[in-house]
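Trainee:
2 protein chains.
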Amino acid sequence: MTQPPLAVTVVAQGAMGAGVGRRLARNGVEVRTSLAGRSRASAERAAAAGMRDVEDAALVAVPIVLSIVPPSEAVATVERFAAICRRTGARPLYADLNAVSPETAARVAGIAEAAGMAFADGGIIGGPPREDGYNPAIYVSGAEAPRLAVLRERGGLDIRLIEGPVGAASALKMSYAGITKGLTALASTMMLAATRAGAAEALHAELSQSQPQLLAWFGRMVPSMYAKAYRWAGEMEEIADFIGRDRAESAIYDGAARLYERLAADEAGERREIAALEAFLQRGAKPG
Amino acid sequence: MTQPPLAVTVVAQGAMGAGVGRRLARNGVEVRTSLAGRSRASAERAAAAGMRDVEDAALVAVPIVLSIVPPSEAVATVERFAAICRRTGARPLYADLNAVSPETAARVAGIAEAAGMAFADGGIIGGPPREDGYNPAIYVSGAEAPRLAVLRERGGLDIRLIEGPVGAASALKMSYAGITKGLTALASTMMLAATRAGAAEALHAELSQSQPQLLAWFGRMVPSMYAKAYRWAGEMEEIADFIGRDRAESAIYDGAARLYERLAADEAGERREIAALEAFLQRGAKPG
Chain A
1254 MTQPPLAVTV VAQGAMGAGV GRRLARNGVE VRTSLAGRSR ASAERAAAAG MRDVEDAALV
1314 AVPIVLSIVP PSEAVATVER FAAICRRTGA RPLYADLNAV SPETAARVAG IAEAAGMAFA
1374 DGGIIGGPPR EDGYNPAIYV SGAEAPRLAV LRERGGLDIR LIEGPVGAAS ALKMSYAGIT
1434 KGLTALASTM MLAATRAGAA EALHAELSQS QPQLLAWFGR MVPSMYAKAY RWAGEMEEIA
1494 DFIGRDRAES AIYDGAARLY ERLAADEAGE RREIAALEAF LQRGAKPG
Chain B
1254 MTQPPLAVTV VAQGAMGAGV GRRLARNGVE VRTSLAGRSR ASAERAAAAG MRDVEDAALV
1314 AVPIVLSIVP PSEAVATVER FAAICRRTGA RPLYADLNAV SPETAARVAG IAEAAGMAFA
1374 DGGIIGGPPR EDGYNPAIYV SGAEAPRLAV LRERGGLDIR LIEGPVGAAS ALKMSYAGIT
1434 KGLTALASTM MLAATRAGAA EALHAELSQS QPQLLAWFGR MVPSMYAKAY RWAGEMEEIA
1494 DFIGRDRAES AIYDGAARLY ERLAADEAGE RREIAALEAF LQRGAKPG
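Same order as they appear, the protein sequences are chains A and B. Position one of the first sequence corresponds to residue 1254 (this note's numbering), numbered consecutively onward. Position one of the second sequence corresponds to residue 1254 (this note's numbering), numbered consecutively onward.
Here you go:
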């Protein structure tokens, strides 16, 4: 018995969106997207992933819409889909898989539901799906989240249903990213400060001796951050909201957001701080 | 040939000061200290370590004075010794081994040198010396620092001379502690936020799977922090100074300082947040 074809809309076409789209397409799912206003690079990623650019009405004429965008675009994205649904009367399940706070997820849910869509909360832990079979964990929560299991069964995604209402999956994503991307910020801050103070060599030597696992972790995570620093800045803001602005420790993530903003500008510009980070991490490669 | 006896003054008698004092005393060094205004617990630690309570004049009639106090007491401590040296004319080498910024170390140096003392900068990485032979690394820098090598040769301490002026050893200490104690703050922040949001179980499970080394590290470092949170708060302030208050990422350490202040109060009081941290970390001990 052949099943009826499954169609899923995935917005947008960044590394993660295109990676998820390709995984679904390779598994026989029809993957729709919208390239309106998107860059040529996005269009190329979408085409390579087997994602089809469609008109607005077709975007929502699917059982499931996945929102995979930078945190700062989560609300604008659901507003766009809500407007299309109001015009067409379509009622897909809208899943927000973005790195946003539970509060932002609740706001997105309210906009989706006011337009008649069902809503599921989600959060992605890990990098984009790869050709070698690697899949990130896609955590989902909320009463409608079980409807996303079809993406595991037929789409090859690692969908993980967790207990709890809308917001639970986002809370997990925030607290996990707060550790991993927070530590990347903290390590970068200290490698840069040690370099400015002339203590880089001594710090690298001491870390090599007493914290070799952390140093190895920095060597993997810090270089992978440069190109993503702009997006991570927004994520740090969401994490500060998640902690609660009334709690003093939320300042940790405000500080991390400012660092990532500066590194994003450095990455696009002179790359002076990035060169300092690279020089620090490559000390390990030198003999002695 | 017997060497003339070596006398060293160590202030104060906290876990680190008493541990260093004991290591020196066990190696035959005469260890002097001052118990004026100190608690009964300090007096007991000093006695157990073989540290001798002496009058002010005898405190400075030694070749070396080691300052091992909370960061917030570093300046008051050197001021006290400077006053004694002015009265007595003694000229010991004053080594500040505290977790202070290079700027604070320079200020301490200025006060010591104005009273005629030589000065060495230092920073201790690791816990107090233990009976099992464990020694922390005591990094020292500055033109006078080579005079501290006698504490390795005759005192059994792990003295490590690093290149650079006064401030270099403090910079190393700041950047190392900024990573390790900063990460402890960040992990505590996220474990508490996840717990408040009902995501503790999911976070623990995901960390167990994808970041087992970090989770094990938290299990060692977080519980060791509770009793030291008050002192660590001051250290976070020094690290923010070290980064430079004009750099936005210094806010990371202001946030960490506030968290440690609150946890110190919780540790002395209701222990509600500490109980939440313990509950999080002990999830790993449960079957399944």
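Don't be surprised by glycine CBs; every beta carbon is placed ideally from N, CA and C.
(1) Looking at chain E, is there any beta carbon in it that lies within less than 8 Å of the beta carbon of residue 1292/B?
(2) Whole angstroms is fine: what's the gap from residue 1516/A's alpha carbon to residue 1504/A's?
(3) Answer with buried or exposed for residue 1490/A, where buried requires no fewer than 16 other C-beta atoms within 10 angstroms of its C-beta.
(4) Give the secondary structure of residue 1304/B by DSSP, where H, G and I count as helix, E and B as strand, and everything else as coil.
(5) Against residue 1507/A, what residues of chain B qualify as contacts under a CB-to-CB distance less than 7 Å, listed in chain order?
(6) Taking Cβ-Cβ distances shorter than 9 Å, what residues in chain B pair up with residue 1409/A?
(7) Using DSSP's beta-bridge definition, name the partner residues of residue 1393/B.
(8) Using beta carbons (cut-off 8 Å, strictly below), is residue 1392/B in contact with chain A?
(9) Could you tell me whether the segment 1368-1376 of chain A touches the segment 1344-1355 of chain A, where touching means 3 or more Cβ pairs closer than 8 Å?
(10) Give a yes or no on whether 8 Å exceeds the smallest Cβ distance from residue 1447/A to chain B.
(11) Applying the criterion that 16 or more other CB atoms from any shown protein chain within 10 Å of the CB defines a buried residue, is residue 1386/A buried or exposed?
(12) Would you check if the distance between the CB atom of residue 1321/B and the CB atom of residue 1273/B is smaller than 8 Å?
(13) Any residues in the segment 1464-1482 of chain B with a beta carbon nearer than 8 Å to a beta carbon of chain A? Which ones, in chain order?
(14) Can you tell me the Cα-Cα spacing of residue 1378/A and residue 1482/B, whole angstroms?
(15) Under a three-way DSSP split, which group does residue 1419/A fall into?
(16) So, do the segment 1266-1282 of chain B and the segment 1528-1535 of chain A have three or more beta carbon pairs nearer to each other than 8 Å?
(17) Please determine, among 1311/A, 1297/A, 1294/A, the residue with the shortest C-alpha to C-alpha distance to residue 1285/A.
(18) Compare the C-beta of residue 1533/A against all C-beta atoms of chain B and say whether one is closer than 8 Å.
(19) Is the CB-CB distance between residue 1245/B and residue 1425/A below 8 Å?
(20) Please classify residue 1313/A: does DSSP put it in a helix, a strand, or coil?
(21) Roughly how far, in whole angstroms, is the beta-carbon of residue 1485/A from the beta-carbon of residue 1478/A, given that I think they are within contact range, below 8 Å?
(22) With the cut-off set at 8 Å, would you say residue 1545/A and residue 1390/A are in Cβ contact?
(23) Using beta-carbon positions only, say whether residue 1313/A and residue 1338/A come within less than 8 Å of one another.
(24) So, using beta-carbon positions, are residue 1299/B and residue 1288/B closer together than 8 Å?
(25) Could one say the Cβ of residue 1437/A lies closer than 8 Å to chain B's Cβ atoms, at least one of them?
(26) Verify the CB distance criterion: does residue 1355/A have a CB-CB separation below 8 Å to chain B?
(27) Fully enclosed by the segment 1315-1387 of chain A, which alpha helix (DSSP H) runs are 4 residues long or longer?
(28) Confirm, please, whether the CB-CB distance from residue 1432/A to residue 1467/B is below 8 Å.
(29) Under 8 Å between the Cβ atoms of residue 1471/A and residue 1446/B?
(30) If we cut at 8 Å on Cβ distances, does residue 1287/B have a partner in chain A?
(31) Output yes or no for whether 8 Å exceeds the beta carbon distance between residue 1319/A and residue 1262/A.
(32) Please list the partners that residue 1428/A has in chain B, where partner means a Cβ-to-Cβ separation under 7 Å.
(33) If the cut is a Cβ gap below 7 Å, which residues of chain A does residue 1512/B touch?
(34) State the Cα-Cα distance for the pair residue 1363/B and residue 1354/B, rounded to the nearest angstrom.
(35) So, does the CB of residue 1527/B fall closer than 8 Å to a CB anywhere in chain A?
(36) For residue 1502/A and residue 1512/B, I'd like the C-alpha separation in whole angstroms.
Mentor: If we stick to the structure as given:
(1) In the structure shown, chain E cannot be found, because the protein chains are A and B.
(2) The count along the first sequence starts at 1 and reaches residue 1516/A at position 263. The count along the first sequence starts at 1 and reaches residue 1504/A at position 251. Straight through space, the alpha carbons of residue 1504/A and residue 1516/A are spaced by roughly 18 Å.
(3) If you number the first sequence from 1, residue 1490/A lands on position 237. With 16 or more other Cβ atoms within 10 Å, it is buried.
(4) As a first step, residue 1304/B must be located in the second sequence, where it is residue number 51. Correct three-state label for residue 1304/B: strand.
(5) By 1-based counting over the first sequence, the position of residue 1507/A is 254. Near residue 1507/A (Cβ distances below 7 Å), the residues of chain B are 1504.
(6) For the purposes of this step, residue 1409/A is taken as residue 156 along the first sequence, with counting starting at 1. Per Cβ cutoff of 9 Å: no residues; residue 1409/A is ~19 Å from chain B at best.
(7) Residue mapping note: residue 1393/B aligns to position 140 of the second sequence, counting from 1. Beta-bridge pairing links residue 1393/B to 1375/B, 1414/B.
(8) Translated into the one-based positions of the second sequence, residue 1392/B becomes position 139. Cβ-Cβ to chain A under 8 Å: yes for residue 1392/B.
(9) yes
(10) Working through the first sequence from its first residue, we reach residue 1447/A at position 194. Chain B contact via Cβ: present.
(11) The sequence position of residue 1386/A within the first sequence is 133, counting from 1. Residue 1386/A is exposed by the Cβ-count criterion.
(12) Looking up residue 1321/B in the second sequence gives position 68. Looking up residue 1273/B in the second sequence gives position 20. Cβ distance < 8 Å, so residue 1321/B and residue 1273/B count as in contact.
(13) 1464, 1466, 1467, 1470
(14) The residue labelled residue 1378/A in the question sits at position 125 within the first sequence. The residue labelled residue 1482/B in the question sits at position 229 within the second sequence. Cα to Cα, residue 1378/A sits roughly 31 Å from residue 1482/B.
(15) Counted from its first residue, the first sequence places residue 1419/A at position 166. Residue 1419/A falls in the coil class under three-state DSSP.
(16) no
(17) Translated into positions along the first sequence, residue 1285/A becomes position 32. Looking at the Cα atoms, 1311/A is the closest of the given residues.
(18) In the first sequence, residue 1533/A corresponds to position 280, counting from 1. False, the Cβ-Cβ gap to chain B never drops below 8 Å.
(19) The requested residue 1245/B is not part of the displayed model; chain B covers only 1254 to 1541.
(20) Here residue 1313/A refers to the residue found at position 60 when the first sequence is read from its first residue. Three-state result, residue 1313/A: helix.
(21) Stepping through the first sequence from its first residue, residue 1485/A is reached at position 232. Stepping through the first sequence from its first residue, residue 1478/A is reached at position 225. Residue 1485/A to residue 1478/A, Cβ: 7 Å. Contact.
(22) Since the first residue of chain A shown is 1254 and the last is 1541, residue 1545/A is not available in this structure.
(23) Residue mapping note: residue 1313/A aligns to position 60 of the first sequence, counting from 1. Residue mapping note: residue 1338/A aligns to position 85 of the first sequence, counting from 1. Yes; because the gap between Cβ atoms is below 8 Å, this pair is in contact.
(24) Within the second sequence, the letter at position 46 stands for residue 1299/B. Within the second sequence, the letter at position 35 stands for residue 1288/B. In this structure, residue 1288/B lies closer than 8 Å to residue 1299/B by Cβ.
(25) The residue you call residue 1437/A lines up with position 184 of the first sequence. Not an interface residue.
(26) Counting from one through the first sequence, the residue named residue 1355/A turns up at place 102. Yes, contact with chain B.
(27) 1327-1341, 1355-1367
(28) Mapped onto the second sequence, residue 1467/B falls at position 214. Mapped onto the first sequence, residue 1432/A falls at position 179. Cβ atoms of residue 1467/B and residue 1432/A: closer than 8 Å.
(29) The residue you call residue 1471/A lines up with position 218 of the first sequence. The residue you call residue 1446/B lines up with position 193 of the second sequence. Contact: no.
(30) Position 34 of the second sequence, counted from the first residue, corresponds to residue 1287/B. Residue 1287/B does not count as touching chain A.
(31) One-based indexing of the first sequence puts residue 1319/A at position 66. One-based indexing of the first sequence puts residue 1262/A at position 9. It is a contact, given that the beta carbons lie within the stated cut-off.
(32) The residue you call residue 1428/A lines up with position 175 of the first sequence. Under the 7 Å cutoff, chain B gives 1443, 1446, 1447, 1452, 1456.
(33) Within the second sequence, numbered from 1, the residue matching residue 1512/B stands at position 259. Residues of chain A passing the Cβ test: 1501, 1502.
(34) Along the second sequence, one-based indexing puts residue 1363/B at 110. Along the second sequence, one-based indexing puts residue 1354/B at 101. Residue 1363/B and residue 1354/B: Cα-Cα distance of roughly 14 Å.
(35) Counting from one through the second sequence, the residue named residue 1527/B turns up at place 274. Closer than 8 Å: no.
(36) Position 249 of the first sequence holds residue 1502/A. Position 259 of the second sequence holds residue 1512/B. Computed Cα separation, rounded: 6 Å.
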